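Asker:
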Amino acid sequence: MRAVAIIQARMQSTRFPGKVLANLGGQLVLDRVVLAAKAIFGIDEVIVATTTGASDQPVTDWCAAQRVGCYRGSEQDVLSRYFEAAKQFSADLVMRITADCPLLDPFVCGQVLALSKASKAAYASNVGPATWPDGLDCEVISISALQAANEEATQPSEREHVTTFIRNNRHRFPSVNLRCPLPDLHSERWTLDTPQDFEFLESIFSWLPANVPISYLQVLSVLERYPDLRSLNSNQKRNGGLTLSLLKNGIAPSRGFDTSKKLSQRAERVIPLGSQTFSKSSLQFPEGKAPLLLTHGFGGRVWDVDGNEFVDMVCALAPVVLGYCDPDVDRAIINQLDSGISLSLSTTLEADLAERMVDIIPCAEKVRFGKNGSDATAGAVRVARAFAKRDRIIVCGYHGWQDWYIGSTTRSKGVPTAVQQLTHHIPYNDLNALAKLLKQHPGEFAGVIMEPMNVAQPNPGYLESLIDTVHADGGLVIFDEVVTGFRYALGGAQSLFGVKPDLACFGKAMANGMPLSAVTGRADVMREMEDIFFSFTFGGEALSLAASIAVIDKMRREPVIERLWGTGTILSENITEIAQRHRLNDIFSLVGKPCWSIPIFNDHPNGDAMSIKTLFLQEMLKRNILIIGSHNISYAHDQVDIERTLAAYDQTFAAIAQAIDSGDVRRFLGGPVLEPIFKVR
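Counting in our numbering, the final residue of the sequence shown is number 693, and the numbers go up one at a time with none missing.
1) Going by the DSSP bridge assignment, what does E321 pair with across the sheet?
2) Going by beta carbon distance, what residues of the same chain come within less than 6 Å of R534, once the five residues before and after it are set aside?
3) Say the cut is 8 Å; is the CB of Q592 nearer than that to a heavy atom of the ligand FMN?
4) Kindly list the residues whose CB is nearer than 6 Å to the CB of E631, restricted to its own chain and excluding five residues on each side of it in sequence; keep chain order.
5) Return the chain-ordered list of same chain residues with a C-beta closer than 8 Å to the C-beta of D104, the five sequence neighbours on each side being excluded.
6) Tell me the residue span of the beta strand (DSSP E) that contains V60.
7) How close, in whole Å, do the beta carbons of A390 and A458 come, if the pair is a contact with beta carbons under 8 Å?
8) Could you tell me if P617 is buried or exposed, where buried requires 16 or more neighbouring beta carbons within 10 angstroms of its beta carbon?
9) If we ignore side chains and look at the alpha-carbon of each, how far apart do V231 and S294 end up?
10) Assign L557 to one of two classes, buried (16 or more other C-beta atoms within 10 Å of its C-beta) or exposed (fewer than that).
11) Please state whether DSSP places L446 in a helix, a strand or coil.
12) I'd like to know if the stretch 307-316 and the stretch 104-118 are in contact, where contact means that at least 3 CB-CB pairs between them fall below 8 Å.
13) On the three-state DSSP scale, how would you describe A516?
14) Check K273 in the structure and name its three-state DSSP category.
15) In terms of residue numbering, what span does the beta strand (DSSP E) encompassing S215 cover?
16) If we require 4 or more residues per run, which alpha helix (DSSP H) segments fall completely within the stretch 388-446?
17) For the alpha helix (DSSP H) that contains E585, what are its first and last residues?
18) Please list, in chain order, all residues of the same chain as L355 whose beta carbon is under 6 Å from its beta carbon, the five residues on each side excluded.
19) Would you call the CB atoms of T206 and R27 closer than 9 Å?
20) For Q248, name the three-state secondary structure that DSSP assigns.
21) Just the C-alpha distance for D146 and N138, rounded to the nearest angstrom, thanks.
22) According to DSSP, H694 sits in a beta bridge with which residue or residues?
23) Quick check: the Cα distance between E463 and R380, rounded to an integer number of angstroms?
24) Is K634 near K301, with beta carbons less than 9 Å apart?
25) Identify the continuous alpha helix (DSSP H) that holds M567 and give its terminal residues.
26) For Y474, I'd like the list of residues in its chain whose CB is within less than 8 Å of its CB, leaving aside the five on either flank, ordered along the chain.
27) Under 6 Å Cβ to Cβ from D68, same chain only, skipping five residues before and after it: list those, please.
28) How many whole angstroms separate the CB atoms of A161 and L91, which I take to be in contact at a CB cut-off of 8 Å?
29) For the alpha helix (DSSP H) holding C75, just list the boundary residues, first then last.
30) Any chance you could list the beta strand (DSSP E) runs of at least 3 consecutive residues sitting entirely within the stretch 152-231, in chain order?
31) Are M538 and S560 close, meaning C-beta to C-beta below 9 Å?
32) With a 10 Å radius around its C-beta and 16 neighbouring C-beta atoms as the bar for buried, classify Q433 as buried or exposed.
33) So the candidates are V152, W144, E299 and R171; which of them puts its Cα closest to the Cα of Y228?
34) Which residues does DSSP list as the beta-bridge partners of K378?
35) With three or more C-beta pairs closer than 8 Å as the rule, is the stretch 37-55 touching the stretch 213-224?
36) Write down every uninterrupted run of the alpha helix (DSSP H) in the stretch 438-507 whose length is 4 residues or greater and which is fully enclosed by it, in chain order.
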């Protein structure tokens, strides 16, 4: 297969005009990039793709003088420029390189090319996700994938950024990624985009040999000796051009969900509901108007099998608190993978993580791990029953799928009546309801398990009074912090509100998407764990433990919680203002905390609450915002994500207002009204 390296080059850079022919350390920038490209093992020819604009004549002249192949094409439609260049130079595989990478490493690029050939993937890169320094970027695309993109890509960002369409359509174009073997290099900036970058690169090249390709290890050696050089351009953001392009484009139109529908039907033939989780199944989405299968996620976005890109406000039902493909968590998982996943005895990771949790969670003196939130809540309830020597339990909130809880809801099918009768519900903030239950069954309750907060704020003194009341009755208080933990505060809602339960359950965000939960609590109560048989084959699975350690360490090191609250506040305040502007105050409100806010819809004479919510989901999905029942903010959600979400809210609320004014909301639905699985909050 003929492999051609195509270097994208033009003089009219917005932030640094003329950079590709700038003299950098005694050698032109383009000369450095071409020199490196020619040294890539497996490349048959190196060419430059520039524009037909008069300003790029110097690039063409330089290529002619250096006997380097050159193709001139559209300035704005870079995708067509690449495809036509690839055709002209008979490429089977196209390696995309940009002329703003004067430190390009031929050995790294050669590995990407070898990976492409070995895997036969349509797309190979070292940027998906980015683990190498910015400035070593390399992509290899099959000519068939490049042709499909050229024929089908319609968005300005897809035409300007060559591989966007291919990367978005991973179901059609299988991809592979070359990860950097060294940790924490993704934040290094070695590209040339601004005068500050030029100053940094000049300093680097002053310590490197001239007229030879450079290894990234040589650059790291210079930075090891002179680490202060990083300060010269450390304030620059990676992929700033793509971010501006996405902001300029606004909301991309949906490509439809034909592939999603077809593959979902296949899944339903062998999987009940076609999904492992109720909340990820077709039951939660407007029929025919939503994605049902995703291929991948990066940061705060996900992509479906039809190539639609969504800002993700679901985040895997809230576990992905740092964002998809977080480099620190991924690195921890990969490192542990080299040592094993589930071993025949415990590992030190269990104590490493438990010690961290004891350090940050107010009630935690001892810790045991499970795999999901239901494991933790069921284990905590069993501990409470063993400790108190009582059977009945009071619940307040949602606590999982297992019999002891779900039997008390409308989803009780298959749960014995005797089990159902042991669980009793109370409303949040209602101390009278608690007192009434305790009086009806004196000395029979093992305790209360509750979400310390969900849709409503705790009344002043409510949590403290509840704990006192339950303790006076001889029971225990369990906080279900599966959602609030590692989101409201590093130590959970108990840390935020300054109250200490006897036991607490954590899950979801504690491992950024890896399956892990925990029961924590007082040492004397947790001692019951030694007898109740809370035990799993995968209870000490090492990848999830390593991921959770990385999550906690990052939350301690970086302003993760602060950003969740800050981003959530911006979102909540603007959504409330948009609702007021569209005169929807009577039917819409946001409840909860900014870091986890929940849209609430009310009945209207022209449409009931579920009809309005169905229309809301339909219209938000049409505008490429994936949302179900809450805003599960992540650390990775950026300015583009928030602006897209707010723009979608504005247009969606306009559509809802129009539907209400028409007299019948249901006429605006493309399918049946959704039905709630059951209501617990």
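Glycine included, every Cβ here is placed at the ideal spot set by N, Cα and C. This structure is a prediction, so every number in the text was calculated from the model and none was measured.
Answerer: Let's see:
1) W315
2) E377 and D514
3) In the structure shown, the ligand FMN is absent, as is every other ligand, since no ligand is present at all.
4) T664 and A667
5) M13, R14, A15, S154 and I155
6) E57 to T63
7) Rounded, the Cβ-Cβ distance is 13 Å, inconsistent with contact.
8) exposed
9) 51 Å
10) buried
11) helix
12) no
13) strand
14) helix
15) Here S215 belongs to no beta strand (DSSP E); instead the alpha helix (DSSP H) covers P207 to F217.
16) 415-418 and 429-432
17) V572 to R593
18) none
19) yes
20) coil
21) 10 Å
22) Since the first residue of the chain shown is 13 and the last is 693, residue 694 is not available in this structure.
23) 19 Å
24) yes
25) A554 to R569
26) N441 and L443
27) R22, M23 and T62
28) 6 Å
29) Q69 to Q78
30) 187-189
31) no
32) exposed
33) W144
34) G533
35) yes
36) 443-452 and 474-484
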